[in-house]
Ligand SMILES: CC(C)(COP(=O)(O)OP(=O)(O)OC[C@H]1O[C@@H](n2cnc3c(N)ncnc32)[C@H](O)[C@@H]1OP(=O)(O)O)[C@@H](O)C(=O)NCCC(=O)NCCS
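In our numbering, the protein residues as written are 5 to 195.
Rendered as structure tokens:
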């Protein structure tokens, strides 16, 4: 049973529609999703990264489009067990077109993704964001995310990240996870 109740998304501008991704939407939206994210995120994601998320967790991807069907915003997520411990949702990518920012669109997309993960019984939701990304940090902290780690030079561009986590159930932060072995040491800082 989730102790974190569903979040209430703000209304957002009227002429925009919020759409859940699905395989039948690939032809129309996959290219636009890549273009929108490539414009703003520092990591150069290949098509395989998008397919990895969208083929397995397309139902955790939400998009905003205008009346003409043009993509305005997107959030891409996944949900899986974290090292044998909690069921962890992960927000992998979030972007809103520059001219549409500051109107609550990202907040609404993130709230929809959080609600979908709560419905699938997630224990927690995690993400990383660059330590100087004020808009992103503000957005997530207002929704209850906490800074749990500082990941030195986490991104390929050398920038440092915060790991932010939203705990959805009582006691999740104390749940044991599998130990890390020598081969995992390099990856450990990312977990
Ligand atoms: C981060 C991002 C998705 C926010 O989108 P958005 O639709 O403008 O977000 P919202 O309108 O829901 O605003 C969220 C909060 O951030 C604040 N905010 C937005 N832009 C801001 C800025 N440039 N500086 C400070 N705060 C800002 C808003 O004021 C709001 O907080 P408030 O309601 O307390 O005032 C958008 O700026 C973006 O696409 N950035 C580039 C990609 C990126 O950084 N993604 C996140 C990677 S983890």
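We treat Cβ as the ideally placed atom computed from N, Cα and C, and that holds for glycine. In this text, all values refer to a predicted model and were calculated from it rather than measured experimentally.
Taking buried to mean at least 16 other C-beta atoms within 10 Å of its own C-beta, is residue i buried or exposed?
i, result
"residue 85", "exposed"
"residue 165", "buried"
"residue 127", "buried"
"residue 52", "exposed"
"residue 167", "buried"
"residue 26", "exposed"
"residue 103", "exposed"
"residue 116", "buried"
"residue 32", "exposed"
"residue 112", "buried"
"residue 130", "buried"
Taking the alpha carbon of residue i as the point to measure from, which residue in the options has its own alpha carbon closest?
i, options, result
"residue 105", "181, 26, 44 and 89", "44"
"residue 175", "115, 123, 182 and 90", "90"
"residue 35", "63, 64 and 74", "74"
"residue 163", "137, 116, 79 and 147", "137"
"residue 81", "72, 120 and 102", "120"
"residue 66", "172, 98, 42 and 154", "98"
"residue 170", "134, 118 and 62", "118"
"residue 11", "122, 31 and 57", "122"
"residue 173", "125, 130 and 181", "125"
"residue 109", "70, 153 and 151", "70"
"residue 152", "64, 132 and 111", "132"
Quick one: what's residue i bridged to in DSSP?
i, result
"residue 77", "68 and 100"
"residue 85", "91"
"residue 166", "133 and 154"
"residue 22", "68"
"residue 171", "128"
If you draw a straight line from the C-alpha of residue i to the C-alpha of residue j, how long is it?
i, j, result
"residue 158", "residue 29", "32 angstroms"
"residue 88", "residue 24", "29 angstroms"
"residue 40", "residue 101", "7 angstroms"
"residue 94", "residue 21", "24 angstroms"
"residue 60", "residue 160", "25 angstroms"
"residue 47", "residue 148", "26 angstroms"
"residue 78", "residue 50", "17 angstroms"
"residue 114", "residue 42", "19 angstroms"
"residue 183", "residue 68", "40 angstroms"
For the beta strand (DSSP E) that contains residue i, what are its first and last residues?
i, result
"residue 134", "128-134"
"residue 49", "Element bounds for residue 49: n/a, residue is neither H nor E."
Please list the terminal residues of the continuous alpha helix (DSSP H) segment that includes residue i.
i, result
"residue 179", "That residue, residue 179, is in no alpha helix (DSSP H); it is neither H nor E in DSSP."
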